[in-house]
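Each remark here refers to the structure printed beneath this line.
Numbering (our numbering), first residue to last: 73 to 259.
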């Protein structure tokens, strides 16, 4: 807005914008390297960025090379420029929840699933109400490594918490349940 079309410096602004929008790897990535604007994502919150690493980003967004931009302060002029002018998407916890699917979950380690459940403790809006996003997503890892939504349409659980006795009920994987924070989330 500060540089109308007829401004003396507008051609410079437009040239820089075009160069940054190209496929050249000119933007600093959070791994210390560089990425193109097409590979870049802005993350809403450090916890989310820590959760979704270089293995998860390409899988979740179905884009080779998908990666976080290096630390950019939210709602700063740079953040706005990257998002509005370069059209780099902002990823929020809701974005993760909406994109989550069984194929993605199947490729995650038990350690990542534990980290995910820990992350969800601070994101109650994603799961605490019957109409919440994650109530419809297969993110609970059972002992047979199958991922299910939390509840059947009739309200019955599709995965139960493990107990000391054996039962025929499908249960959450014991190694995940044994983590204190994952346990807290699952309760």
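Beta carbons are placed, not taken as given, at the ideal position from N, Cα and C, and that holds for glycine. Since this is a predicted model, take the numbers as computed values, not measurements.
Which of the three DSSP states, helix, strand or coil, is assigned to residue i?
i, result
"residue 243", "strand"
"residue 220", "strand"
"residue 164", "coil"
"residue 90", "helix"
"residue 184", "helix"
"residue 124", "coil"
"residue 158", "coil"
"residue 173", "coil"
Compare the Cα-Cα distances from residue i to each of the options and report the closest residue.
i, options, result
"residue 232", "212, 251, 196 and 226", "212"
"residue 242", "248, 249 and 234", "234"
"residue 158", "93, 228 and 205", "93"
"residue 168", "112, 214 and 120", "120"
"residue 217", "161, 181, 110 and 117", "181"
"residue 103", "138, 172, 223 and 257", "138"
"residue 227", "240, 208 and 239", "208"
"residue 108", "163, 223, 89 and 229", "89"
"residue 256", "77, 189, 183 and 117", "189"
"residue 183", "80, 130, 153 and 250", "250"
"residue 215", "176, 155, 79 and 238", "238"
"residue 163", "224, 230 and 112", "112"
"residue 176", "156, 202 and 129", "129"
Below 8 Å between beta carbons: does that hold for residue i and residue j?
i, j, result
"residue 99", "residue 141", "yes"
"residue 193", "residue 253", "yes"
"residue 186", "residue 248", "yes"
"residue 171", "residue 132", "yes"
"residue 114", "residue 83", "no"
"residue 95", "residue 110", "yes"
"residue 191", "residue 123", "yes"
"residue 77", "residue 116", "no"
Strictly by DSSP, which residues pair up with residue i?
i, result
"residue 106", "100"
"residue 229", "223"
"residue 138", "Answer by DSSP bridge pairing: none, since residue 138 is not bridged."
"residue 112", "139"
"residue 213", "219"
Cutting at 8 Å between CB atoms, please list the residues of its own chain near residue i, excluding the five before and the five after it.
i, result
"residue 174", "210 and 219"
"residue 80", "none"
Here's a check: name, in chain order, each residue in its chain whose Cβ is nearer than 6 Å to the Cβ of residue i, leaving out the five neighbours to either side.
i, result
"residue 85", "75"
"residue 150", "144"
"residue 206", "169, 198 and 199"
Could you name the residues of the same chain whose beta carbon sits closer than 7 Å to that of residue i, not counting the 5 residues immediately before and after it, in chain order?
i, result
"residue 126", "103 and 139"
"residue 240", "none"
"residue 195", "165"
"residue 21", "Any question about residue 21 goes unanswered here, given that the chain covers just 73 to 259."
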